[in-house]
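Visitor: In this note's numbering, each number is its position in the sequence shown, counted from 1, plus 14.
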Amino acid sequence: MKFTTSAFVAACALASGADAFATPQKNAFVPRTSTALNMAFELPPLPYDKNALEPYISAETLDFHHGKHHQTYVTKLNGLVPGTEFEDKSLEEIIKTSTGGVFNNAAQVWNHTFYWHCLAPNGGGQPTGAVADAIEANFGSFDEFKAKFTEAAVNNFGSGWTWLVKKSDGSLDIVNTSNAETPISSDDATPLLTMDVWEHAYYIDYRNVRPDYAKAFWKLVNWDFVARNMY
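1. Just how far apart, CA to CA, sit residue 140 and residue 93?
2. Relative to the C-alpha of residue 186, which residue among 146, 118, 216, 195 is closest?
3. From which residue to which residue does the alpha helix (DSSP H) around residue 231 run?
4. Indicate whether residue 116 and residue 100 have their beta-carbon atoms separated by less than 8 Å.
5. Going by beta-carbon coordinates alone, are residue 203 and residue 181 separated by less than 8 Å?
6. On the criterion of 16 or more Cβ atoms from any shown chain inside 10 Å, does residue 200 qualify as buried, or is it exposed?
7. Would you report the Cα separation of residue 183 and residue 151, rounded to the nearest angstrom?
8. Specify the secondary structure class of residue 188 as computed by DSSP and reduced to three states.
9. Measure from the alpha carbon of residue 121 to the alpha carbon of each residue in 193, 223, 102, then state which is nearest.
10. Under a CB-based cut-off of 8 Å, is residue 71 close to chain B?
11. Assign residue 5 to one of two classes, buried (16 or more other C-beta atoms within 10 Å of its C-beta) or exposed (fewer than that).
12. Please classify residue 97: is it buried, with 16 or more other beta-carbons within 10 angstroms of its beta-carbon, or exposed?
13. Across which residues does DSSP place residue 13 in a beta bridge pair?
14. Indicate, with yes or no, if the ligand NAD has a heavy atom lying under 7 Å from the CB of residue 156.
15. Would you report the Cα separation of residue 245 and residue 104, rounded to the nearest angstrom?
16. Can you say whether residue 144 is buried or exposed, counting buried as having 16 or more other CB atoms within 10 angstroms of its CB?
Structural data, given as structure tokens:
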């Protein structure tokens with residue numbers, strides 16, 4: 015099934031139990047709040063407590079990563095959208111039709127929101143069911159997939175994201191994007207899983223040792239969420 019914002023919002027609600035995603039406005043991925051001047055985007059809440067991912071990702075990291083970095087993208091986007099062609103569009107529509115600063119901030123709002131739901135306090139281990147079957151069919155085994163995904167993430171130069179995506183032909187692929195780039199810019203691939211490899215995602219806990227962060231990532235992967243993105 016083609017990836018849609020509304021489908022992902024529903025998946026978020028199932029994965030987190032967060033009411034903020036249960037009834038999206040106008041197919042909006044990130045909730046908007048009405049003001050006298052415009053509809054402003056809001057920072058979505060984390061789907062778990064800030065200390066829930068410890069010892070792999072600390073509460074301090076989430077405080078900075080979600081509460082400051084993610085919030086900054088939301089704030090900047092709200093400063094760029096009013097009075098433009100984007101002010102009545104959903105976040106996904108903005109990403110697909112914008113460039114420059116509007117795109118960068120909109121995409122980073124979306125990417126981060128997706129990333130939070132790729133992690134879970136009781137995550138990790140190996141997938142089961144359709145996800146496990148698809149990974150085995152496309153990569154040979156889960157261990158081979160994990161090694162290839164980790165290698166791609168560790169060697170993704172500079173800042174960016176490493177994704178597991180489902181392509182339009184149904185096959186799975188591992189894709190690196192730089193900076194704010196995101197697979198949802200086109201209709202060629204559906205994001206299933208992502209690792210944020212911007213240094214602010216791991217520097218507090220792992221300094222500049224990205225391989226250690228990548229190792230910890232596998233202790234937290236929310237395979238239930240990945241499975242919901244498959245269809």
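Here a beta-carbon is modelled for each residue, glycine too, at the ideal position from N, C-alpha and C.
Guide: Taking the definition as stated:
1. 42 Å
2. 146
3. Residue 231: member of the alpha helix (DSSP H) spanning 224–231, first to last residue.
4. Contact flag set, yes.
5. Against a cut-off of 8 Å, the Cβ pair of residue 181 and residue 203 comes out as a contact.
6. It is exposed - the Cβ of residue 200 has fewer than 16 other Cβ atoms within 10 Å.
7. 14 Å
8. strand
9. 193
10. Note that chain B does not occur in the displayed structure, where there is just one protein chain.
11. With the chain covering 15 to 245 only, the question about residue 5 has no answer from this structure.
12. exposed
13. Outside the shown range of the chain, which is 15 to 245, sits residue 13, and nothing can be said about it.
14. In terms of ligand content, the structure shown is empty, and the ligand NAD therefore cannot be addressed.
15. Rounded to the nearest whole angstrom, the C-alpha separation of residue 245 and residue 104 is 22 Å.
16. exposed
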